[in-house]
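K.L.:
Please read through the structure below; I'll follow up with questions.
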Amino acid sequence: MSKRRSDKIKQAEDAKLMAAVEKIQQEISLNKGLDNTTLDMSDDNIITDKVLRAEYAFLYDEARYRHASYTGVTNAISQ
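Set out below in C-alpha cells:
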C-alpha cells in the first residue's frame, strides 16, 4: 500500500474517531444540562453519565495515541 493511500485512510479514520469524540462531548454536555435542572438524580442517569465519561476517556486516549488532530472548539468535559 502506498504512503499516500495510507495517509488518506488514516485521515478518514481519524475523522471518524473525532466525530465520535464530538458526539460523546455533546451527549455529556446535554446530560450536564439535565443534571443541573434535576433535584434527585436517578440511578439510570448516574450510570449513563459514568458510561459516557468512560467512553469519552477511551476515545480521547485513542485520539491522543494516534496523534489525531481536532479542529473543534468545545470540550464538554472541561466546561
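In my numbering, the protein residues as written are 23 to 101. For every residue, glycine included, the Cβ atom is placed at its ideal position computed from N, Cα and C. Since the model is a prediction, treat every value here as computed from it, not as a measurement.
1) Would you call I68 buried or exposed, if buried means 16 or more other Cβ atoms sit within 10 Å of its Cβ?
2) Is the CB-CB distance between I46 and Y87 below 8 angstroms?
3) So for A37, helix, strand or coil by DSSP?
4) Evaluate L81 with the Cβ neighbour count: other Cβ atoms within 10 Å of its Cβ, from every protein chain shown; 16 or more gives buried, anything less gives exposed.
5) Report yes if the C-beta distance between A85 and M40 is below 8 angstroms; otherwise report no.
6) In three-state DSSP terms, what is S91?
7) Secondary structure at S64, three-state DSSP: helix, strand or coil?
8) Tell me, to the nearest whole angstrom, how far the beta carbon of N53 is from that of T70; I am working on the premise that it is less than 8 angstroms.
P.N.:
Quick answer:
1) By the neighbour-count criterion, in which a residue is buried when 16 or more other Cβ atoms sit within 10 angstroms of its Cβ, I68 is exposed.
2) Their beta carbons are not under 8 angstroms apart, which means I46 does not touch Y87 by this criterion.
3) If DSSP states are grouped into helix, strand and coil, A37 belongs with the helices.
4) With a 10 Å radius around the Cβ and a threshold of 16 neighbouring Cβ atoms, L81 comes out buried.
5) Cβ distance < 8 angstroms, so A85 and M40 count as in contact.
6) Residue state, collapsed to three classes: coil.
7) Reduced to three states, the DSSP call for S64 is coil.
8) Indeed, because the Cβ distance is near 7 angstroms, the residues count as touching under 8 angstroms.
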